[in-house]
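Below is one structure, written out as structure tokens; the observations come after it.
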Amino acid sequence: MKTNAIVFREPGKLRVEDIDLTVPTGDEIMVETLWSGISSGTERMLLEGTMPPFPGMGYPLVPGYESVGRVTRSVPQSDIEAGTLVFVPGARGYVDARGLFGATASHLIADASKVVPLPESLGEQGTLLALAATAHHALALAGTKLPDLVIGHGVLGQLIARTAIALGGAAPTVWEPSARRREIETGYPIVDGAKDTKTDYTSIIDASGDPTILDTAIAHMARGGEIVLAGFYRDPLSFTFPAAFMREARFRVAAEFDRFDTDAVLALVADGRLSLDGLISHRANPQHAKDAYDTAFNDPDCLKMILDWRTCS
Numbered sequence: 047m048k049t050n051a052i053v054f055r056e057p058g059k060l061r062v063e064d065i066d067l068t069v070p071t072g073d074e075i076m077v078e079t080l081w082s083g084i085s086s087g088t089e090r091m092l093l094e095g096t097m098p099p100f101p102g103m104g105y106p107l108v109p110g111y112e113s114v115g116r117v118t119r120s121v122p123q124s125d126i127e128a129g130t131l132v133f134v135p136g137a138r139g140y141v142d143a144r145g146l147f148g149a150t151a152s153h154l155i156a157d158a159s160k161v162v163p164l165p166e167s168l169g170e171q172g173t174l175l176a177l178a179a180t181a182h183h184a185l186a187l188a189g190t191k192l193p194d195l196v197i198g199h200g201v202l203g204q205l206i207a208r209t210a211i212a213l214g215g216a217a218p219t220v221w222e223p224s225a226r227r228r229e230i231e232t233g234y235p236i237v238d239g240a241k242d243t244k245t246d247y248t249s250i251i252d253a254s255g256d257p258t259i260l261d262t263a264i265a266h267m268a269r270g271g272e273i274v275l276a277g278f279y280r281d282p283l284s285f286t287f288p289a290a291f292m293r294e295a296r297f298r299v300a301a302e303f304d305r306f307d308t309d310a311v312l313a314l315v316a317d318g319r320l321s322l323d324g325l326i327s328h329r330a331n332p333q334h335a336k337d338a339y340d341t342a343f344n345d346p347d348c349l350k351m352i353l354d355w356r357t358c359s
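Counting along the sequence shown from 1, when you hit position 203 you're at 249 in my numbering, and nothing is skipped either side.
Shown next as structure tokens:
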């Protein structure tokens, strides 16, 4: 069996290749991919070779953890039937490439317990489930207040703000340095953080991925406030201690989402409290992957790029 896949042969080298698949084991299902998203965070670091050490890392690799497809082979122990539309947060089963995270290919072998059934109405927006679940996970940390400040208005920042409101919170302020992204119509205020004079934010979530953000965030924090780190940071984070000391600042790290988060997001979408509209800005044929990845990483107008595998058939 073979699959058409995006392969990072080594840092800086992206190819579209037909590669061999292993034979599925008893707990693995097969999925024909319809759409997959490009992560401008982790995938950029993997392609550039700047990803911090991570379990299972190595080249060549198939990236991706944002795919939606249709099950072509199920297994008896799974409730997911053939033909079901599913979200695939990662895949494996490549003979000559690592699966980190492995889901950007035309045909996938995945652990049946990891895939998530989707309503047909969600369609290509199902590729946003990983980011939406990441946003929910950051908001649902035990003891964490819903944010009054979100830093960054990319897709993750927008989803954090939207989900906070969907969960009953007040509309947070969002910092965004890009004038274009500040013009996006929302139900919450978007400001240039450099011009914000407020200094009593109690709950701040960073979705910018900027490793230098802490001193700036601390300067706008109330005493006893908290910063939740929801991005993925290539470089070490640091902060100047006296300002944090004076505010008794607290820091938390939001780790990977889990099934609780994906189920919660799907419930919020199903009852109309959370919209995923307007977040997918670009689409490309996987055969044009080099251009698609360049746009996803470098075009400031690109919120979310998805690869449409249906155009390859």
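The beta carbon of each residue, even a glycine, is placed where N, CA and C say it ideally should be. Please read all numbers here as calculations on a predicted model, not as lab measurements.
Opening and closing residue of the beta strand (DSSP E) in which A295 lies: Residue mapping note: residue 295 aligns to position 249 of the sequence shown, counting from 1. Premise fails: A295 is in no beta strand (DSSP E) and is neither H nor E.
Same chain, Cβ closer than 7 Å to Y279, five either side skipped, listed in chain order: On the sequence shown, residue 279 is found 233 positions in, with the first residue counted as 1. Apart from the 5 residues on each side of it in sequence, Y279 sits with its Cβ closer than 7 Å to the Cβ of G255, P257 in its chain, given in chain order.
K247 versus R227, G271, E231, T232, residue with shortest Cα-Cα distance: In the sequence shown, counting from the first residue as 1, residue 247 sits at position 201. A small correction: the amino acid at residue 247 is Tyr; Lys does not occupy that position in the sequence shown. Checking every option, the nearest Cα to that of Y247 belongs to G271.
V365 and T262 closer than 9 Å at C-beta: Examination of residue 365 is not possible in this model, given that the chain is present from 47 through 359 alone.
Selection from G200, A330, I206, W355 that minimises the alpha carbon distance to D194: Indexing the sequence shown from 1 puts residue 194 at position 148. If we check each option's Cα against that of D194, I206 comes out closest.
Beta carbon of V162 nearer than 9 Å to that of T118: As a working note, residue 162 is residue 116 in the sequence shown. As a working note, residue 118 is residue 72 in the sequence shown. T118 is positioned such that its CB atom lies no closer than 9 Å to that of V162.
Beta-carbon contacts of K48 that lie in its chain and below 7 Å, excluding the five residues immediately before and after: Taking the sequence shown and counting its residues from 1, one reaches residue 48 at position 2. For K48, same chain residues with a beta-carbon under 7 Å away, outside a window of 5 residues either side, are D64, I65, D66, L67 in chain order.
V69 versus S167, T150, R138, D309, residue with shortest Cα-Cα distance: If you number the sequence shown from 1, residue 69 lands on position 23. Of the candidates S167, T150, R138, D309, the one whose C-alpha sits nearest the C-alpha of V69 is R138.
Rounded Cβ spacing between L80 and R356 (contact assumed at less than 8 Å): In the sequence shown, residue 80 corresponds to position 34, counting from 1. In the sequence shown, residue 356 corresponds to position 310, counting from 1. About 6 Å separates the two Cβ atoms, so the contact holds.
Range covered by the alpha helix (DSSP H) that runs through K336: Counting from 1 along the sequence shown, the entry for residue 336 is found at position 290. Counted as a single uninterrupted DSSP element, the alpha helix (DSSP H) harbouring K336 occupies residues 335-344.
First through last residue of the beta strand (DSSP E) which encompasses R55: Taking the first residue of the sequence shown as position 1, residue 55 is located at position 9. It spans 48-56 - the beta strand (DSSP E) in which R55 sits, taken as one unbroken run.
Helix, strand or coil at S167 [DSSP, three-state]: Numbered from its first residue, the sequence shown carries residue 167 at position 121. Residue state, collapsed to three classes: helix.
Of the residues G110, L60, G115, V121, the one placed nearest D73, counting alpha carbons only: On the sequence shown, residue 73 is found 27 positions in, with the first residue counted as 1. Closest by alpha carbon: V121.
Contact check, T308 vs A186, beta carbons under 9 Å: For this step, residue 308 is matched to residue 262 along the sequence shown. For this step, residue 186 is matched to residue 140 along the sequence shown. Remark: C-beta atoms of T308 and A186 do not approach each other more closely than 9 Å.
Other residues of its chain near S113: CB distance less than 6 Å, five sequence neighbours each side excluded: Here residue 113 corresponds to residue number 67 of the sequence shown, with the count starting at 1. The answer, listed in chain order, is T79, S82, V134, A149.
Nearest neighbour of A210, chosen from K350, R319, T130 [CA to CA]: Within the sequence shown, numbered from 1, the residue matching residue 210 stands at position 164. Here the closest residue by C-alpha is R319.
Residue(s) in a DSSP beta bridge with L353: The count along the sequence shown starts at 1 and reaches residue 353 at position 307. Partner residues in the beta bridge of L353, as assigned by DSSP, are S82, A330.
heavy atom of the ligand ZN below 8 Å from G203 C-beta: With respect to small molecules bound, the structure shown includes none, and the ligand ZN cannot be examined in it.
Outcome for A188 when other beta-carbon atoms lying within 10 angstroms are tallied against a minimum of 16: In the sequence shown, counting from the first residue as 1, residue 188 sits at position 142. Exposed.
Distance between beta carbons of V315 and L322, contact taken as under 8 Å: The residue given as residue 322 occupies position 276 in the sequence shown. The residue given as residue 315 occupies position 269 in the sequence shown. So it is a contact: roughly 6 Å between Cβ atoms.
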